[in-house]
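Step one of this worksheet: look at the structure below.
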Amino acid sequence: MKNIPLVMILFGGSGDLAHRKLYPALFNLYEQGLIHDNFAVIATARRPWSHEYLREQVSDAIHETHEVVDENEISAFASHFYYQSHDVTNVEHYVTLKQLAHDLDEKYSAQGNRLFYMAMAPRFFGTIATHINDQHLTGSGFNRIVVEKPFGRDLASAEELNKQITASFKENEIFRIDHYLGKEMVQNILPLRFTNPLIKNIWNSDNIQNIQVTLAERLGVEARGGYYETSGALRDMVQNHIFQIITLLAMPEPKDISAASIHEAKKKLLDSLIIPDKDVIKKHFVRGQYAGSDTTFAYKNEPNVDENSTTETFAAGEVKFTEGPVAGVPIYFRTGKEFKEKKNRIDIVLKHINTPYGKAHSNNITIVIDPKSEIFITINGKRISEPGIRRENLDYTFSKEELAQVPDGYERLLHDVIVNDSTNFTEWSELKRYWQFIDAVESAWDEENKSGKPDIPQYIPYRMGPKEANDIFECATAHWIYE
Ligand code: BG6
12 MKNIPLVMIL FGGSGDLAHR KLYPALFNLY EQGLIHDNFA VIATARRPWS
62 HEYLREQVSD AIHETHEVVD ENEISAFASH FYYQSHDVTN VEHYVTLKQL
112 AHDLDEKYSA QGNRLFYMAM APRFFGTIAT HINDQHLTGS GFNRIVVEKP
162 FGRDLASAEE LNKQITASFK ENEIFRIDHY LGKEMVQNIL PLRFTNPLIK
212 NIWNSDNIQN IQVTLAERLG VEARGGYYET SGALRDMVQN HIFQIITLLA
262 MPEPKDISAA SIHEAKKKLL DSLIIPDKDV IKKHFVRGQY AGSDTTFAYK
312 NEPNVDENST TETFAAGEVK FTEGPVAGVP IYFRTGKEFK EKKNRIDIVL
362 KHINTPYGKA HSNNITIVID PKSEIFITIN GKRISEPGIR RENLDYTFSK
412 EELAQVPDGY ERLLHDVIVN DSTNFTEWSE LKRYWQFIDA VESAWDEENK
462 SGKPDIPQYI PYRMGPKEAN DIFECATAHW IYE
């Protein structure tokens, strides 16, 4: 692999994301030779760490995620890491940062290439972007910035943040990251849809009755109550991950698989996204909060959560488009904390048809994203010794060896940033449409909150979320396939 020179400036270098995901991912890219002799990472955060302490942390992060490691490789890798204690509002700190980046650029011959990564609390993104611009932190080579989610908390704040970032970076230098787009089975949606006529030719409103996307988690909000109170399931999971999945499921066929063509096809679809009105939201959207049990807290009693909170830990709803192969087909989603199990899956529900054998029902295509990677399609045949139809699943699965080769989403996406491939990142035009949709739902729910009688069912933990979510379907016979 070609070695790409760069100085990376990581805001949030002492955080959980850096430790669990970014340092191990960078190590793997180092092992593959994508970054090697000519790179340096400056990790910044408030804490007064030394370079040495950071390097120990980086080394720990690699040990925690890798079974077999070569200690010499780890020390060689970690020696490229530098720490700067940084207060994001302090101008002087950006001046020091600029000098350090410049010195390291010379030391490692990084050719003026800069990669900025915003991995800290989102409320600082705007301030950092403004200082990058005011203190001229960009280099003389390529400049790219990776921005973690959430990108804003509504359309207005996202627009403001975008303005701050575009003061220093062009749209094609901004990588709005969504780790779901780095997942193996999410990246499999387009090949599945477009490379087999059997699937490609039925992927339309004549044959699909509805589509269902479930992103369910077993965990509660844990220590993240403070963040979660500013977000809720709709902003935390739907605005980004669910919408990206839905876009891949509903977009028209791209001309080719270049980043430009994929984004063009997504844009075409999203221009036709129907923004739901209050009546639709009332009928087809449900929110909920997990209740407590003998051994677990109710959401309202979690640390840093308001006891009268109206923040939803579960959201379900409907998305529709007027263009694209599944124009008019209801796409249902649901996501929630404290579900029965961790399960991310997509069910494509085909229409019931009349057959010479009677009515055929529930032929589905299912894509399981997590915890397994799997696709299964219903296939029907005759029963062996009695009349009737037998249903079996045709499975597409991975061997243990194949699964071991699947890189973590962050590794994949960091690789893409370094080689300048924006296919699996969110463009501003897409994000804008997602926020318009989310704002409509949030505003209907806010109105309900203000009326003093918000309809927020408390659901039993570790089951399937609120039962009200079973009534969001347009068609009386439709139901969740994953139950
Ligand atoms: C994050 C959300 O984006 O995705 C978390 O902020 C959520 O609340 C997480 O737990 C789920 O990701 P994954 O990859 O574990 O399904």
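Under the working numbering, think of the first position of the sequence shown as 12, with each following residue one higher.
In this text, a Cβ means the ideal position worked out from N, Cα and C, and glycines have one as well.
Can you list, in chain order, the residues of its chain with a C-beta nearer than 6 Å to that of SER96? Leave out the 5 residues immediately preceding and following it.
PRO59
What's the C-alpha gap between ALA89 and TYR34?
Cα-Cα distance, rounded: 9 Å.
Could you check whether the Cβ of MET248 sits closer than 7 Å to any heavy atom belonging to the ligand BG6?
yes
Given that a residue counts as buried once 16 or more other Cβ atoms are within 10 Å of its Cβ, and exposed if not, what is MET12?
exposed
In the DSSP assignment, find the unbroken beta strand (DSSP E) run with TYR191 in it and report its ends.
According to the DSSP assignment, TYR191 belongs to no beta strand (DSSP E), since it is labelled neither H nor E.
Can we count HIS190 as close to the ligand BG6, meaning its CB is less than 7 Å from some heavy atom?
Under cutoff, so the answer is yes.
From LEU37 to HIS274, what distance separates their C-alpha atoms?
27 Å
May I ask you to report which of helix, strand or coil DSSP gives PHE38?
DSSP places PHE38 within a helical segment (H, G or I) once states are collapsed to three.
Assuming ALA337 is part of the beta strand (DSSP E), what are its boundary residues?
First, the amino acid is wrong: residue 337 is Val here, not Ala. Note, VAL337: premise wrong, no beta strand (DSSP E); not H, not E.
Under the DSSP definition of a beta bridge, which residues are partnered with ARG474?
By DSSP's assignment, ARG474 forms a beta bridge with PHE350.
Give the single residue among ASN391, PHE186 and SER120 whose Cα lies nearest to the Cα of ASN154.
PHE186
Looking only at its own chain, which residues have a Cβ that is under 8 Å from the Cβ of LYS109, when we skip the five neighbours before and after it?
GLN146, HIS147 and LEU148
What did DSSP end up calling GLY483 once you bin it into helix, strand or coil?
Checking the displayed sequence, the identity of residue 483 turns out to be Ile instead of Gly. Residue state, collapsed to three classes: coil.
So ALA326 is in the alpha helix (DSSP H); what residue range does that whole segment cover?
That residue, ALA326, is in no alpha helix (DSSP H); its beta strand (DSSP E) goes 325–330.
In three-state terms, what does DSSP make of ASP116?
helix
Quick one: is ARG57 buried, meaning 16 or more other Cβ sit within 10 Å of its Cβ, or exposed?
exposed
Using the Cα positions of ARG423 and ILE46, report the straight-line distance between them to the nearest angstrom.
14 Å
Is it the case that the CB of ASP381 approaches a heavy atom of the ligand BG6 more closely than 7 Å?
yes
At a threshold of 7 Å, does ILE364 count as lining the ligand NAP (C-beta to nearest heavy atom)?
This structure simply doesn't include the ligand NAP; it includes the ligand BG6 instead.
Three Cβ pairs or more, each shorter than 8 Å: is that satisfied between the stretch 296–303 and the stretch 466–474?
Cβ pair count under 8 Å is three or more, so yes.
Once you ignore the five residues that flank GLY392 on each side, which residues in its own chain have a CB closer than 8 Å to its CB?
Same-chain partners within the cutoff: ILE400, ARG401 and GLU403.
Look at the alpha carbon of SER320 and the alpha carbon of SER304, and state the distance between them as a whole number of angstroms.
18 Å
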